[in-house]
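Per full-length UniProt numbering, residue 1 is the first one in the sequence shown, and the count goes up by one each step.
All C-beta atoms in this analysis are idealised placements derived from N, C-alpha and C, irrespective of residue type, glycine included.
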Amino acid sequence: MNFFKKYSTFHKIYFIVFFFFNIFTFCLGLYNEKSLSATILIVSIASIISTISGLFAGIYTARAEVAAYAWGIVNSCFYIFISITNHMYAEVILYVIYMLPMNIYGYFAWRKSARQTKHDNTTESTIEVRSLSKKQMGLIVPGVLILWGLYALFIYNLPNILQPVLGFRIPADHLFYIDSFTATVTIFAVIVSTKRFRETWYFWILSDGVGAILYFTSLFTQTSFSISSLSGAMMWIQFLTNAIYGVIVWKKLDKAEHGK
1 MNFFKKYSTF HKIYFIVFFF FNIFTFCLGL YNEKSLSATI LIVSIASIIS
51 TISGLFAGIY TARAEVAAYA WGIVNSCFYI FISITNHMYA EVILYVIYML
101 PMNIYGYFAW RKSARQTKHD NTTESTIEVR SLSKKQMGLI VPGVLILWGL
151 YALFIYNLPN ILQPVLGFRI PADHLFYIDS FTATVTIFAV IVSTKRFRET
201 WYFWILSDGV GAILYFTSLF TQTSFSISSL SGAMMWIQFL TNAIYGVIVW
251 KKLDKAEHGK
């Protein structure tokens with residue numbers, strides 16, 4: 001486990017706590033079910049893989065290392081599947097047409113920056129971190145609000161839109177306003193992240209906090225225990241914890257590189 005030795009004290013504790021908690025939640029599902037075959041479903045395994053890959057993605061993003069996007073690609077693929085099972089259509093659409101392609105783009109964008117950073121001898125293994133201007137923030141905030149309204153309207157009407165195409169009506173997303181907000185903030189967070197602006201972490205804190213609420217709401221409104229909903233909720237909590245730490249790390253990197 002050479003990779004573990006490179007982690008900061010925070011990330012070592014963070015990794016151990018959330019890794020074993022994720023394993024615990026999976027085992028809890030085994031205990032609550034009457035038979036083993038009823039629990040080890042594809043969706044349950046996908047939830048665990050999604051959460052753990054998200055754990056690594058969060059760690060390497062906070063460390064400003066290219067590996068973040070490699071793990072992000074894995075996380076996106078499995079998160080798409082578990083979002084489908086929870087009827088979270090805004091999340092499905094977001095990850096299929098945006099998050100997955102952006103993770104691929106981000107990998108190559110960060111890889112290029114890391115090479116330039118190493119060449120310039122500023123740091124040895126991280127990307128160059130920048131800051132948003134007030135003008136840029138002034139454009140992003142109203143953009144979030146406008147896109148949120150349009151996306152929420154689209155998700156609300158999605159069952160009616162797809163019914164003529166599919167020949168049947170898909171279940172409605174009853175938390176479409178929260179689901180669409182999380183998706184919208186995530187879109188902007190990824191854009192800012194791929195451009196290496198440190199303010200990306202403020203968007204992630206907002207998105208991850210609402211995402212955790214979304215999954216906990218799903219967990220407590222279901223008639224039976226759902227390991228996929230619990231894993232999804234824990235994934236967002238671990239993202240939120242890491243995002244708070246990411247603010248601190250990227251602020252230090254920006255100050256070290258640009259003196260501000």
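Given residue i as reference, the closest of the options once Cα atoms are compared
| i | options | result |
| --- | --- | --- |
| residue 84 | 24, 235, 172 | 172 |
| residue 239 | 50, 27, 5, 174 | 50 |
| residue 26 | 193, 47, 104, 54 | 47 |
| residue 72 | 82, 58, 81 | 58 |
| residue 177 | 254, 24, 151, 15 | 151 |
| residue 198 | 56, 256, 97, 165 | 256 |
| residue 179 | 169, 193, 212 | 212 |
| residue 127 | 43, 233, 108 | 108 |
| residue 43 | 206, 230, 253, 241 | 230 |
| residue 86 | 220, 9, 252 | 220 |
| residue 113 | 93, 81, 253, 66 | 66 |
| residue 155 | 4, 82, 132, 89 | 89 |
| residue 111 | 60, 56, 138 | 60 |
| residue 207 | 91, 137, 136 | 91 |
Residues near residue i by beta carbon distance below 7 angstroms, same chain, minus five either side
| i | result |
| --- | --- |
| residue 201 | 243, 246, 247, 250 |
| residue 121 | In this prediction, residue 121 has a pLDDT of 39, which is less than 50 and means its spatial position is unreliable; what the coordinates show is noted afterwards. Around residue 121: no qualifying Cβ. |
| residue 175 | 214, 217 |
| residue 79 | 50, 95 |
| residue 286 | No statement about residue 286 is possible, as the shown extent of the chain runs from 1 to 260 and does not include it. |
| residue 170 | 159, 162 |
| residue 148 | 180, 181, 184 |
| residue 20 | none |
| residue 134 | none |
| residue 56 | 71 |
| residue 93 | none |
Inter-residue CB distance, residue i and residue j (contact presumed, cutoff 8 angstroms)
| i | j | result |
| --- | --- | --- |
| residue 153 | residue 182 | With a Cβ gap of about 16 angstroms, residue 153 and residue 182 do not count as contacting. |
| residue 22 | residue 45 | With 8 angstroms as the limit, residue 22 and residue 45 do not qualify as a contact, their Cβ atoms being about 12 angstroms apart. |
| residue 7 | residue 15 | 7 angstroms |
| residue 62 | residue 253 | Their Cβ separation, rounded to whole angstroms, is 10 angstroms, which puts residue 62 and residue 253 out of contact at 8 angstroms. |
| residue 4 | residue 12 | 7 angstroms |
| residue 82 | residue 232 | 6 angstroms |
Paired residues, beta bridge with residue i - DSSP
| i | result |
| --- | --- |
| residue 130 | 197 |
Cβ-based neighbour list, residue i, same chain, cut-off 6 angstroms, excluding 5 preceding and 5 following
| i | result |
| --- | --- |
| residue 76 | 95, 99, 100, 103 |
| residue 54 | 75, 235 |
| residue 106 | 69, 194 |
| residue 130 | 196, 197 |
| residue 132 | 197, 199 |
| residue 237 | 212 |
| residue 136 | none |
Contact with chain C by residue i, beta-carbon distance below 8 angstroms
| i | result |
| --- | --- |
| residue 194 | The structure shown contains no chain C; it holds only a single protein chain. |
Residues near residue i in its chain [Cβ-Cβ closer than 8 angstroms; skip 5 each side]
| i | result |
| --- | --- |
| residue 10 | 245 |
Does the region 174–190 come close enough to the region 142–149 that 3 or more CB-CB pairs lie under 8 angstroms? yes
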